[in-house]
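Top to bottom, those sequences are chains Y and G. Going left to right, the first sequence walks through residues 27 to 175 as this note's numbering numbers them. Going left to right, the second sequence walks through residues 27 to 175 as this note's numbering numbers them. For every residue, glycine included, the Cβ atom is placed at its ideal position computed from N, Cα and C. Heads up: the structure comes next, in structure tokens.
2 protein chains.
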Amino acid sequence: MDINKQTQPAKIFIELILETFRFNGLLISVGDGLTKELGLTSSLWQVLGAIRETPIPMAQIARNMGLSRQGVRRSTNILIDKGLVQFKENPDHKRARLIVPTEEGRKVLAQLEKIQVDWSNSVSKEFSENQLKNVIHTMRFLSEKLYLL
Amino acid sequence: MDINKQTQPAKIFIELILETFRFNGLLISVGDGLTKELGLTSSLWQVLGAIRETPIPMAQIARNMGLSRQGVRRSTNILIDKGLVQFKENPDHKRARLIVPTEEGRKVLAQLEKIQVDWSNSVSKEFSENQLKNVIHTMRFLSEKLYLL
DNA sequence: AACAATATGACAATTAGTTGTCAATAAAAT
DNA sequence: ATTTTATTGACAACTAATTGTCATATTGTT
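Take a look at the structure:
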């Protein structure tokens, strides 16, 4: 039996994976740089950002952001120590308390947003909406395929 | 002065970042699943894969793959313990020895490649070459912008 | 209503990865 | 040629993240 031959799209897909790793790493390091002054790391602002609009429990943050439940728990503990978030009883679930930003947390979120807006504006300046949307769409589509396998 | 308003591409760019985090996490977990039987984790096969064609020193692996030098060192040590790679004197650089696969390492690389070919073929089946290339291109373009800032 | 299956968060132990520092080597500048 | 700057890899200390297990709460089944 012959060795299966790798199709052309498959080769490019592998390239895409490696590029994703690099891009992801770059985003994290740039993100860390941007928010260093706020005393936040990527894992922290990912969690803080996740409850910007609606307070949700840890497990849901994990699901939304593609993080592990335990990782979110850890980050949440740190954010609590920093006084940026707190627990709030969840009427719908006795165990799964909501994570909500404190007053201080809201201030940091506002600063975060300011930084993010300036930065994202300047980075995305030369890109069209469609170009970026296409990337997101393809990633999501690929993700679906990955889940199925 | 008004708060800077976030442009539409900027908003989508932020979405793209979050999607990248999720996609990256998914790739790692799927990759770990695929290569579990070989006793390799993502960080390990990233390093092993990097020297598939040409043996290079640790620092170069790190640069190519967007990993930290120290992380690569760690992975390399593990791969050496597992007997999959070894050092080889580098005529061009006394300090920076080349990392080369052992006989056993080459076997694992072959298995890895087999798995990778089957998997990438099946995932990328419904994607056009161009669609994937566009994603890579956009990521690289974004990366350039990120470096400049 | 009773039971089974799933989701959630806590904790401990382990593994993975980073940071800071150092000495050796190589490359670049003068 | 000499000096300065970069790169490279090693090591140790530290921080981050994962894994496995457990008790509790919720949801789904019968």
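- Segment contact: the region 121-138 of chain Y against the region 67-79 of chain Y, three or more CB-CB distances shorter than 8 Å; contact assigned.
- Assignment of Y/Lys-114 by DSSP, reduced to helix, strand and coil, places it in the strand class.
- Rounded to the nearest angstrom, the Cβ distance from Y/Ile-43 to G/Leu-53 is 6 Å, consistent with a contact under 8 Å.
- For Y/Leu-138, the secondary structure class from DSSP, reduced to helix, strand or coil, is helix.
- Looking at the DSSP output, Y/Val-126 sits in a beta bridge with Y/Gln-112.
- Here DSSP, grouped into helix, strand and coil, assigns Y/Ile-77 to coil.
- In this structure, Y/Asn-147 is the residue among Y/Gln-157, Y/Ser-154 and Y/Asn-147 with its C-alpha nearest to the C-alpha of G/Gln-32.
- By DSSP's assignment, Y/Ile-82 forms a beta bridge with Y/Ile-125.
- For G/Leu-52, the nearest beta carbon of chain Y is closer than 7 Å to its own beta carbon.
- Under the Cβ criterion of 7 Å, Y/Pro-127 is not counted among the residues facing chain G.
- Apart from sequence neighbours up to five positions away, the residues of its chain that approach Y/Trp-145 with a beta-carbon distance below 8 Å are Leu-60, ordered along the chain.
- With respect to the C-alpha of G/Ser-154, the residue from Y/Leu-105, Y/Met-91, Y/Phe-167 and Y/Lys-114 having the closest C-alpha is Y/Phe-167.
- Put simply, the backbone Cα of Y/Gly-97 is about 10 Å away from that of Y/Val-73.
- In this structure, G/Lys-159 lies away from Y/Ile-162, with their beta-carbon atoms at least 7 Å apart.
- Annotation for Y/Gly-57: the continuous alpha helix (DSSP H) segment containing it runs 34-61.
- Taking CB atoms only, G/Lys-171 has a neighbour in chain Y less than 7 Å away.
- Pairing G/Ala-36 with Y/Ser-150 gives a Cβ-Cβ distance under 7 Å.
- Shown in chain order are the members of the region 94-113 of chain Y whose Cβ falls below 9 Å from a Cβ of chain G: Ser-94.
- The DSSP-derived three-state label of G/Ser-146 is helix.
- Counting only the Cα atoms, G/Pro-117 lies some 42 Å from Y/Ser-69.
- Nearest CB-CB separation between G/Leu-158 and chain Y: below the 7 Å threshold.
- Per DSSP, the unbroken alpha helix (DSSP H) holding Y/Phe-167 starts and ends at 155-174.
- Judged by DSSP in its simplified three-state form, Y/Asn-30 adopts coil rather than helix or strand.
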